[in-house]
Each structure stands twice: as structure tokens, then as C-alpha cells.
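In my numbering, the protein residues as written are 8 to 229. Just so you know, even glycine gets a beta-carbon here, dropped at the ideal spot from N, CA and C. Notes to accompany the following structure.
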Amino acid sequence: MRVYGGGVTGRLLAPDILSNPRLERRVRRKLQLRHDKIAGKIGEDGYYRVGRHEWKVPLGIRLCMKRPLVYVQTSNRYPWYVTWRNKDGKRKRKLFATPLGGIHFIATKAQYVDSGSSLVSRQVGYDIPTELVNKIPRPWKWCPYCMTARRYKRDSLERTFMATRKEWSDEKGRYVWKERKLAVLVCPRCLMTNRDRRMRRSNQPWEVRHIKRGVRRVRRKS
Ligand SMILES: [Zn+2]
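So this is what it looks like as C-alpha cells:
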């Protein structure tokens, strides 16, 4: 049975699957099961090993891999890619059906050409995992598509944009949202920018709220 073949590129779920809701559910469940097994292929120490090759999978990637796939990831044949720089400095991309496929490719091939080879999520940006909140030292930032910390850089055209930003207010003694002109920052690996809301949300100051035991509802701060 052909799972993919739909859409202009032929990379979406096949029409005969999409037209049969029971079959579609089964296919998506199978893709999820395949995804669930991936975390177990990576060592407890974070290394993926195969033959004489090994590659340390960044903690962020390992944590994101444990989250279930979302709808668009099971709709598309290749929700992942690996990017690396060739010897001549040219950036290359190769698509993958699973993150494990990408990790395997980095471990066995790409890392020998470029030690900065990266696995990237094509369709879904991942919020920073709670385990890494407040643990990424400046100037590094969480990249939702690389699923790890990156050094974002000013874009070459020095563009700016308007967005709200969380800032500390001495007067109010808490964080407040301010409309600000921000510089466009680019991830050097996946080329995503801080225009992405998820990227900004993940890198804003996070407050730890202490909730007393027994408290069921937490009032929103206004
Ligand atoms: Zn990135």
C-alpha cells in the first residue's frame, strides 16, 4: 500500500488513504508508533551509536522527540531535514521521514564533513522543553526548529520588526509586556528568525510561580 503520493509534490498522504477515515486513523497511528520507538534507539548517555560511528544527540532534540507527532507531521512524508556545510562552504539539505533517519545520516556521514551538521524540524516549531527553561546561557537562544540552543545572528539586511516583549518593570515589581522594535535575528543553521512567535516565547524571561499545596486554581496576573 502506498502511504504517500498526494499533493503536487507527491509528498502528502495518498488520496485513497485520506478518503477513508478508518484507514487514515490507522496509518497515522502506525506513524506515531514508529515515532515512539525512536527515543529508545538513543543511548542513556545521549549518544546514537551504529558500527564505529557515534553522534551525541543534543538534549533538546531528545526531549522534543518524546512528544507525539502533530497532524501535519503525519501528513507529510518528510517532516525533517539535515543541514550541513560542504567543504566549499555551500549549505546542503537532505530530507528525512523520521528524526532517526536524520540522526543516522549525521552520525555516519554528515558529521565528518561538518561537525555542525544539524537535524531540523520542517513543519513544527518546538517550544523550549521545561527541563531547559532558564538553563540556556546568553547569547545562546532556544531554536524551535533545530530543537537545541543556537547563536542567533543579526540578519544581513539589518531588518527590524515590531513585537511585544516581556520586560522587567522596577515600578511594578514584575514583568510587563512592551511593544518594541526588535532586530531580526536568524538561526545560522535552519535560517528561521525571531519573527517566529514560538521562538520569542521560548526565549522570554520565565518566572517560576510558587503554587501553594492544595491550591487548585491559579489566578492570572493582570
Ligand atoms: Zn535553528
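Checklist entry - Would DSSP call Tyr-152 helix, strand or coil? => result On the sequence shown, position 145 is the one that residue 152 refers to. Of the three classes helix, strand and coil, the one that applies to Tyr-152 here is coil, per DSSP.
Next on the checklist: Looking at Pro-151: is its Cβ nearer than 9 Å to the Cβ of Ser-209?
Outcome noted: Locating residue 151 in the sequence shown gives position 144, counting from the first residue. Locating residue 209 in the sequence shown gives position 202, counting from the first residue. A contact, by the Cβ cut-off of 9 Å.
Checklist entry - Measuring from the CB of Tyr-119, is there a heavy atom of ligand 1 at a distance below 8 Å? => result For the purposes of this step, residue 119 is taken as the residue at position 112 of the sequence shown. Incorrect: Tyr-119 has no Cβ contact closer than 8 Å to ligand 1.
Next on the checklist: Considering only heavy atoms of ligand 1, does any lie closer than 8 Å to the CB of Met-72?
Outcome noted: Walking along the sequence shown from the start, residue 72 turns up at place 65. At a cut-off of 8 Å, the beta-carbon of Met-72 does not count as near ligand 1: no heavy atom of the ligand is closer than that.
Checklist entry - Is Tyr-133 near ligand 1, in the sense that its beta carbon is under 8 Å from a heavy atom of that ligand? => result The residue labelled residue 133 in the question sits at position 126 within the sequence shown. Exclusion of Tyr-133 from the 8 Å shell around ligand 1 follows from its C-beta lying no nearer than that to any non-hydrogen atom of the ligand.
Checklist entry - Going along the chain, which residues of its own chain have a beta-carbon closer than 6 Å to the beta-carbon of Pro-65, five neighbours each way excluded? => result As a working mapping, residue 65 is identified with position 58 in the sequence shown. For Pro-65, where only same-chain residues beyond five positions count, the Cβ hits under 6 Å are Thr-155.
Checklist entry - Exposed or buried, Leu-164, counting other C-beta atoms within 10 Å across all chains shown (16 or more means buried)? => result The residue labelled residue 164 in the question sits at position 157 within the sequence shown. Burial check for Leu-164: the Cβ neighbour count within 10 Å stays below 16, so the residue is exposed.
Checklist entry - Does the beta carbon of Arg-202 sit closer than 9 Å to a beta carbon anywhere in chain B? => result In summary, chain B is missing from the structure at hand, where a single protein chain is found.
Checklist entry - So, helix, strand or coil for Val-89, using DSSP? => result Here residue 89 refers to the residue found at position 82 when the sequence shown is read from its first residue. If DSSP states are grouped into helix, strand and coil, Val-89 belongs with the strands.
Next on the checklist: So, with DSSP's three-state summary, where would you put Asn-83?
Outcome noted: Numbered from its first residue, the sequence shown carries residue 83 at position 76. Strand at Asn-83.
Next on the checklist: Restricting to Cα atoms, I'd like to know which of Lys-185, Asp-177, Lys-173 and Ile-135 is closest to Gly-67.
Outcome noted: For the purposes of this step, residue 67 is taken as the residue at position 60 of the sequence shown. Closest by alpha carbon: Ile-135.
Item to check | Proximity to Ala-114 [Cα-Cα], best of Tyr-54, Lys-99 and Leu-198 | outcome: By one-based count along the sequence shown, residue 114 stands at place 107. Out of Tyr-54, Lys-99 and Leu-198, Tyr-54 has the C-alpha closest to the C-alpha of Ala-114.
Item to check | Sequence-ordered residues whose beta carbon comes within less than 6 Å of a heavy atom of ligand 1 | outcome: Cys-150, Tyr-152, Cys-153, Arg-157, Cys-194, Arg-196, Cys-197 and Met-199
Checklist entry - From which residue to which residue does the alpha helix (DSSP H) around Lys-37 run? => result Residue mapping note: residue 37 aligns to position 30 of the sequence shown, counting from 1. Note, Lys-37: alpha helix (DSSP H), 28 to 43.
Item to check | Anticipated Cβ contact below 8 Å, Lys-188 with Thr-167, distance rounded | outcome: Here residue 188 refers to the residue found at position 181 of the sequence shown. Here residue 167 refers to the residue found at position 160 of the sequence shown. Indeed they touch by this definition, with Cβ atoms about 5 Å apart.
Checklist entry - Could you give the uninterrupted runs of the beta strand (DSSP E) lying entirely in the segment 151 to 223, keeping only those of 3 residues or more? => result As far as the segment 151 to 223 is concerned, its whole beta strand (DSSP E) runs of at least 3 residues are 155 to 157, 167 to 176 and 181 to 190.
Checklist entry - Comparing alpha-carbon positions, which option in Met-72, Arg-202 and Cys-197 lies nearest Arg-100? => result As a first step, residue 100 is located in the sequence shown; it is residue number 93 there, counting from the start. Among Met-72, Arg-202 and Cys-197, the Cα nearest to that of Arg-100 belongs to Cys-197.
Next on the checklist: For the beta strand (DSSP E) containing Arg-100, name the first residue and the last one.
Outcome noted: For this step, residue 100 is matched to residue 93 along the sequence shown. Here the beta strand (DSSP E) through Arg-100 covers 98 to 103.
Checklist entry - Starting from Leu-70 and walking both ways along the alpha helix (DSSP H), at which residues does that stretch end? => result Position 63 of the sequence shown, counting from 1, holds the residue named residue 70. Counting along the chain, the alpha helix (DSSP H) containing Leu-70 begins and ends at 66 to 72.
Checklist entry - For Gln-130, which residues from the same chain have a beta carbon less than 7 Å from its beta carbon, with the 5 sequence-adjacent residues on both sides left out? => result Taking the sequence shown and counting its residues from 1, one reaches residue 130 at position 123. If you ignore the 5 residues before and after Gln-130, its C-beta comes within less than 7 Å of the C-beta of Val-79, Gln-80, Asn-83 and Pro-86, all in its own chain and listed in chain order.
Checklist entry - Leaving out the 5 sequence neighbours to the left and right, which residues in its chain are closer than 8 Å to Gly-132 when beta-carbon positions are compared? => result The sequence position of residue 132 within the sequence shown is 125, counting from 1. Counting only Cβ-Cβ distances below 8 Å, and skipping sequence neighbours, we find Pro-151, Tyr-152, Met-199, Asp-203, Arg-205 and Met-206.
Item to check | Nearest to Pro-212 (by Cα), restricted to the options Gly-221, Val-191 and Lys-142 | outcome: Taking the first residue of the sequence shown as 1, we reach residue 212 at position 205. It is Lys-142 whose Cα lies nearest to the Cα of Pro-212.
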